[in-house]
Each structure stands twice: as structure tokens, then as C-alpha cells.
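Colleague: This note's numbering numbers the first residue of the sequence shown as 250 and each following residue consecutively. Submitted below is the structure of interest, expressed as C-alpha cells.
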Amino acid sequence: MGKSITKENLLTERELDRVIEMAWEDRTPFEAILFQFNLPEKEVIRLMRANLKESSFKRWRKRVNSGVSQKHLKKRNPEISRFKCSRQRAISGNKISKR
């Protein structure tokens, strides 16, 4: 049986780690992950399910769907119009910011 080619398979280990890190961050919306890595919300959910322990995934999903997380721009304060902190280095396309 051959392995299917998915967006997850095309990410480097560092990019995969960064996507998971961004997904865990409450104030990083799914739109920022889409912009930087071209991964829609459904793909991020699938990626998180495949790379986290089941209990960690369930905790993450519960948090994302709660009022605590601002993963969805519709739940965000409309005055916040950026994906990142004003002090964070610029995010350019699909490149990871230098740390």
C-alpha cells in the first residue's frame, strides 16, 4: 500500500512544529496558519489529530471551541486586525520568521 501525498507530508519537521505551535496559541487565528502555510482549518485539525496524543487533541479541540480561544476571527475583538504581535518580526508568505 502506498502512502497518500498530503499537505502534512510536504511540511518539513520545523514547519510542522510551527503549525502545531501556532494552533496551540489561543490568539493565533486559523487564518494566520492559512496565510503562512496554506493549510485551511480542516487540514490543521487533521494535522493536530495525527500528531497529538488523543487526550491532548481532545483538550485542544475543547479549548478552540470554547470562549477562551480566539482561533476564529469571528470571535475576536474587531479592533484587532493583525495576526501577530506588533513587536513580532514580520511573517512573509510561507517562510518562518527568524527567531
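Here a beta-carbon is modelled for each residue, glycine too, at the ideal position from N, C-alpha and C. These numbers come from a predicted model, not from an experiment.
Could you tell me if residue 288 is buried or exposed, where buried requires 16 or more neighbouring beta carbons within 10 angstroms of its beta carbon?
Modeller: buried
Colleague: Output the distance between the C-alpha atoms of residue 259 and residue 309, rounded to the nearest integer angstrom.
Modeller: 24 Å
Colleague: Taking 8 Å as the limit between beta carbons, can you name the residues of its chain near residue 301, skipping five residues before and five after?
Modeller: 269 and 309
Colleague: For residue 277 and residue 303, what's the separation of their Cα atoms in angstroms?
Modeller: Roughly 22 Å between the two C-alpha positions.
Colleague: Specify the secondary structure class of residue 307 as computed by DSSP and reduced to three states.
Modeller: Residue 307: helix per DSSP, three-state reduction.
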